[in-house]
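A.B. asks:
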Amino acid sequence: MNNSSFIADRKRSHFDLCANEAVEFRSKTTLLEDVELLHDPLVETRLEDIDLGVTVLGRRLNYPVMITAMTGGTNEVGRFNREAAALAARLGLGFGVGSQRIMHLQPETAASFQVRDVAPNLLLFGNLGIAQAREMSSSEVIGLATSIGADALCIHLNAAMEIIQERGDHDFRGSLDAVERLVAESPVEIVVKETGCGFSREAGKRLASVGVRWIDVAGAGGTSWVGVETLRNRALGHLGEAFWDWGVPTAASLCELRGLGLNLIASGGIRNGVEAARALALGARVVGVALPVLRAYVAGGVDGVEAWLRAFCDELRAAVMLCGAKRTADLAPDRIVIGGRLREWIEARGL
Ligand SMILES: Cc1cc2nc3c(=O)[nH]c(=O)nc-3n(C[C@H](O)[C@H](O)[C@H](O)COP(=O)(O)O)c2cc1C
24 MNNSSFIADR KRSHFDLCAN EAVEFRSKTT LLEDVELLHD PLVETRLEDI DLGVTVLGRR
84 LNYPVMITAM TGGTNEVGRF NREAAALAAR LGLGFGVGSQ RIMHLQPETA ASFQVRDVAP
144 NLLLFGNLGI AQAREMSSSE VIGLATSIGA DALCIHLNAA MEIIQERGDH DFRGSLDAVE
204 RLVAESPVEI VVKETGCGFS REAGKRLASV GVRWIDVAGA GGTSWVGVET LRNRALGHLG
264 EAFWDWGVPT AASLCELRGL GLNLIASGGI RNGVEAARAL ALGARVVGVA LPVLRAYVAG
324 GVDGVEAWLR AFCDELRAAV MLCGAKRTAD LAPDRIVIGG RLREWIEARG L
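For the sequence shown, our numbering begins at 24 and goes up steadily by one.
Set out below in structure tokens:
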């Protein structure tokens, strides 16, 4: 099998495995359960007046929520991108396409990433892995984002999944230099994201030092990409089993990156609006969801996704109100109590 059909085939199997198999972390959680939102018994607001809007890179969202990177490359998943992007635009959420590597190798797949015509005002993120971005010229990388009309390009970091993956990359030397070059040369914002293993403060500082302003923590506790690759590549099963639960939990990742002047997107295992409120109170500007959206789509099409997202946003609105807040920006550390393992993490790391 040549490289591009191998990659297209792998992307299709990722989608199927995520839809049907147990691909989430097994015993590690996001640690968002250790964040207690402080109930305000003397609420003096009207539920309908709670303002969840937020502006991200010049686009106004009705809710601080986005569907993060999943797919692209075939007609079938292209339909998902278009339907989900149009829905996100209608609801006032953000949307990210999956890795555009295949679009670079096979330009004829570009249509499966094109959503601007159905969502002209959508907050839209492009996507490429660091190992590919490092090897390509800046104009080739940036061209992937601009050719789909993206507001930003996510560069994903995924060393853990690559070393489990068949034909995966093992060499990540020069990653920070590549990010620095792209930040300096790109007219669109560069968002650095993980893919489910989260972030340390040290990595956040190195990225901030080269000018990165946005990070999607994609922390541990949700979809395990080591897990997905382990299901695909039984030959490396021993590595996959050992590292299935590897990574910095989503809540801990947010605490690691607080106070560095970065704009944070919280994704990785966020499954309802109350967890979203906790992530926002820990310092995220926006929360991201992937796996539940894919599963709702497979089970009930775009209507299923809409029902799931509406319930999520209703939960978020209720949580904001019951904390005595009027808007998302009011969710701050003074409205939470941190206990359990997350508190231990913060203390152990001196955060
Ligand atoms: C089917 C699927 C495909 C994904 N593909 C990509 C990708 O191409 N690029 C990327 O940066 N992240 C990718 N991700 C990771 C998600 O964007 C997200 O960071 C991660 O799954 C954690 O969120 P979750 O627990 O809500 O799924 C993918 C996730 C899923 C479920």
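Ideal placement from N, C-alpha and C gives every residue a C-beta, glycine not left out.
(1) Closer than 6 Å by C-beta to Ala275: which residues in its own chain qualify, once you throw out the five before and the five after it? Chain order, please.
(2) May I ask you to report which of helix, strand or coil DSSP gives Val83?
(3) Run the proximity test for Ala168: is its beta-carbon closer than 6 Å to any non-hydrogen atom belonging to ligand 3?
(4) My guess is that Asn85 and Gly119 are in contact by the Cβ rule of under 8 Å, so how many angstroms apart are they, rounded?
(5) For Met89, report the span of its beta strand (DSSP E) as first-last.
(6) Give me the DSSP bridge partner(s) of Asp74.
(7) Are the Cβ atoms of Gly291 and Gly242 separated by less than 7 Å?
(8) Measuring CB to CB, does Leu332 end up less than 7 Å from Gly296?
(9) Can you grab the Cα-Cα spacing for the pair Thr246 / Glu47, in whole Å?
(10) According to DSSP, simplified to helix, strand and coil, what is Pro272?
(11) Let me know the secondary structure DSSP gives Cys220 once reduced to three states.
(12) Please report the residue range of the alpha helix (DSSP H) in which Ala125 lies.
(13) Write down the C-beta distance between Asn98 and Ser135 rounded to the nearest angstrom, noting that I regard them as a contact closer than 8 Å.
(14) Near Val325, which residues of its chain fall below 6 Å by C-beta distance, leaving aside the five closest residues on each side in sequence?
(15) Could you spell out where the beta strand (DSSP E) holding Val206 opens and where it closes?
(16) By Cβ distance below 7 Å, which residues in the same chain neighbour Ala42 in space, the five residues on each side in sequence not counted?
(17) Using the three-state DSSP reduction, which class does Ile165 fall into: helix, strand or coil?
(18) Just how far apart, CA to CA, sit Thr169 and Val211?
(19) Arg190 to Val164, Cα distance in whole Å?
(20) Determine the extent of the beta strand (DSSP E) in which Ile359 is found, giving its start and end residues.
(21) Of the choices Gly197, Val88 and Gly117, whose alpha-carbon is the least far from that of Ala175?
(22) Does any heavy atom of ligand 1 sit closer than 6 Å to the C-beta of Ser198?
(23) Just mark Leu287 as buried or exposed, buried being the case when its beta carbon has 16 or more other beta carbons within 10 Å.
(24) Return yes when the Cβ of Val100 is within less than 7 Å of the Cβ of Thr91, no when it is not.
(25) At a cut-off of 6 Å, is Thr132 close to ligand 1 when judged by its beta-carbon and the heavy atoms of the ligand?
(26) Specify, as a first and last residue, the run of the alpha helix (DSSP H) that Phe266 falls within.
(27) Taking only three categories from DSSP, how would you classify Asn150?
(28) With 16 as the cutoff for other CB atoms within 10 Å, does His62 come out buried or exposed?
(29) What are the start and end residues of the beta strand (DSSP E) that includes Phe118?
(30) Can you give the beta carbon distance from Ile187 to Phe266, rounded, assuming they're within the 8 Å contact cut?
(31) Buried or exposed: Ala207, going by 16 or more other Cβ atoms within 10 Å of its Cβ?
(32) With a Cβ-Cβ cutoff of 7 Å, do Asp192 and Lys51 count as a contact?
C.D. replies: Working from what's here:
(1) Leu54 and Trp368
(2) Going by the sequence as given, residue 83 is Arg instead of Val. Arg83: strand per DSSP, three-state reduction.
(3) Annotation note on ligand 3: not contained in the displayed structure, which lists ligand 1 as its ligands.
(4) 17 Å between Cβ atoms; not a contact.
(5) Val88 to Ile90
(6) Arg350
(7) yes
(8) no
(9) 4 Å
(10) strand
(11) coil
(12) Position check: residue 125 holds Ile in this sequence, whereas Ala was assumed. It spans Arg124 to Leu128 - the alpha helix (DSSP H) in which Ile125 sits, taken as one unbroken run.
(13) 7 Å
(14) Glu106 and Leu110
(15) Run containing Val206: none in the beta strand (DSSP E); it sits in the alpha helix (DSSP H), Ser198 to Glu208.
(16) Leu317, Arg318 and Val321
(17) helix
(18) 8 Å
(19) 22 Å
(20) Ile359 to Ile361
(21) Gly117
(22) no
(23) buried
(24) no
(25) no
(26) Gly260 to Phe266
(27) strand
(28) exposed
(29) Gly117 to Gly119
(30) 7 Å
(31) exposed
(32) no
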